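In the numbering used here, the protein residues as written are 65 to 296. Every residue gets a Cβ at the ideal spot worked out from N, C-alpha and C, and that includes glycine. None of these values were measured; they are calculated from a predicted model. Taking it in order: structure first as structure tokens, then the write-up.
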Ligand SMILES: Nc1ncnc2c1ncn2[C@@H]1O[C@H](COP(=O)(O)OP(=O)(O)O)[C@@H](O)[C@H]1O
Ligand SMILES: [Mg+2]
């Protein structure tokens, strides 16, 4: 297995305010899979992603990538892991307002040894003709496409998408999910999509449902459908 999550526990707060957010999570994701992580708000999805992403630490248990436990990485190794192996997409695009589309994407290539070719990528993203526009000249969907470009230009092994369509309308959401699917097919990145939209699970290879810090369901989706055929 590519990503192994073993007995992961995490609490926040002290004494009477202490709450257990992850209550012993076990799961795995294979290389190249699209994994959809579902769960209501507050169920611990972002906390789990942050631990996978090496930006937060579990209290016990571990995450292993290709057999290597993140808890056993020293600071230098962990920084390398975050830089080289992880791409992030969030609900908020966080583009740099005074850089154009192309430049915003190129920001993500900084520190990468072998970034994707920018013009190819702009075409895949459907942004080539918009490459000289500033973020405030773009629609929400185009801004999210730019943010996706910034995340994948370094061709990360793992693409983490935390509520990537949370701020988008129905049609634009489907376009963005289709783009994530295209990227997964073309570049083979392992993709984790976090959402509270149940319909999105249908485009996944693997579905993990969280509730109250515990896994309620974890299965391989044998009836995968294309993102553009999703309905909700
Ligand atoms: N840094 C933090 N400090 C204290 N509590 C936190 C922190 N991060 C998350 N929580 C709490 O943990 C729970 C799960 O949060 P989160 O992982 O963000 O859930 P989700 O992404 O599923 O909405 C929530 O009750 C939240 O308030
Ligand atoms: Mg969240």
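Alpha helix (DSSP H) segment containing residue i, residue limits
i: residue 294; result: Taken as a continuous stretch (DSSP letters only), residue 294 belongs to no alpha helix (DSSP H), as it is neither H nor E.
i: residue 157; result: Careful: residue 157 lies outside any alpha helix (DSSP H) and carries neither H nor E.
i: residue 210; result: 204-216
i: residue 188; result: 182-188
i: residue 175; result: Run containing residue 175: none; DSSP gives neither H nor E here.
i: residue 144; result: 139-149
Check whether residue i and residue j have beta carbons under 8 Å apart
i: residue 207; j: residue 199; result: yes
i: residue 129; j: residue 78; result: no
i: residue 102; j: residue 277; result: no
i: residue 244; j: residue 116; result: no
i: residue 220; j: residue 151; result: yes
i: residue 229; j: residue 222; result: no
i: residue 88; j: residue 72; result: yes
i: residue 120; j: residue 75; result: no
i: residue 268; j: residue 288; result: yes
i: residue 252; j: residue 96; result: yes
Close Cβ partners of residue i (< 6 Å) along its chain, the five nearest in sequence each way excluded
i: residue 189; result: 209, 213
i: residue 293; result: none
i: residue 154; result: 226
i: residue 257; result: 100, 225
i: residue 178; result: none
i: residue 166; result: 195
i: residue 125; result: 70, 71, 72, 73
Contacting residues, own chain, Cβ-Cβ under 7 Å from residue i (five flanking each side not counted)
i: residue 91; result: 69, 272, 279, 282
i: residue 248; result: 98, 255
i: residue 57; result: Residue coverage of the chain in this structure runs from 65 to 296, which leaves residue 57 outside it and unanswerable.
i: residue 215; result: 151, 152, 153, 172, 223
i: residue 159; result: 168, 199, 207, 210, 211
i: residue 94; result: 65, 66
i: residue 296; result: 261, 263
i: residue 235; result: none
With 16 other Cβ atoms within 10 Å as the buried cut-off, status of residue i
i: residue 284; result: exposed
i: residue 168; result: buried
i: residue 174; result: exposed
i: residue 290; result: exposed
i: residue 205; result: buried
i: residue 218; result: buried
i: residue 286; result: exposed
i: residue 237; result: buried
i: residue 265; result: buried
i: residue 143; result: exposed
Sequence-distant residues of its chain with Cβ nearer than 8 Å to residue i (five each side left out)
i: residue 181; result: none
i: residue 162; result: 198
i: residue 105; result: 260
i: residue 192; result: 183, 186
i: residue 164; result: 195, 196, 197, 198
i: residue 250; result: 188
For residue j and residue i, believed in contact at Cβ under 8 Å, the rounded distance
i: residue 262; j: residue 110; result: Their Cβ separation, rounded to whole angstroms, is 18 Å, which puts residue 262 and residue 110 out of contact at 8 Å.
i: residue 107; j: residue 270; result: In fact, because the Cβ distance is near 17 Å, the residues do not count as touching under 8 Å.
Residue i - containing beta strand (DSSP E), residue span
i: residue 119; result: Unbroken run through residue 119: none, as it is neither H nor E.
i: residue 37; result: Lying before the first or after the last residue shown, residue 37 is absent from the chain, which here runs from 65 to 296.
i: residue 300; result: There is no way to answer for residue 300, as the model of the chain reaches only from 65 to 296.
i: residue 280; result: 278-284
i: residue 270; result: 270-275
i: residue 71; result: 67-76
i: residue 264; result: Element bounds for residue 264: n/a, residue is neither H nor E.
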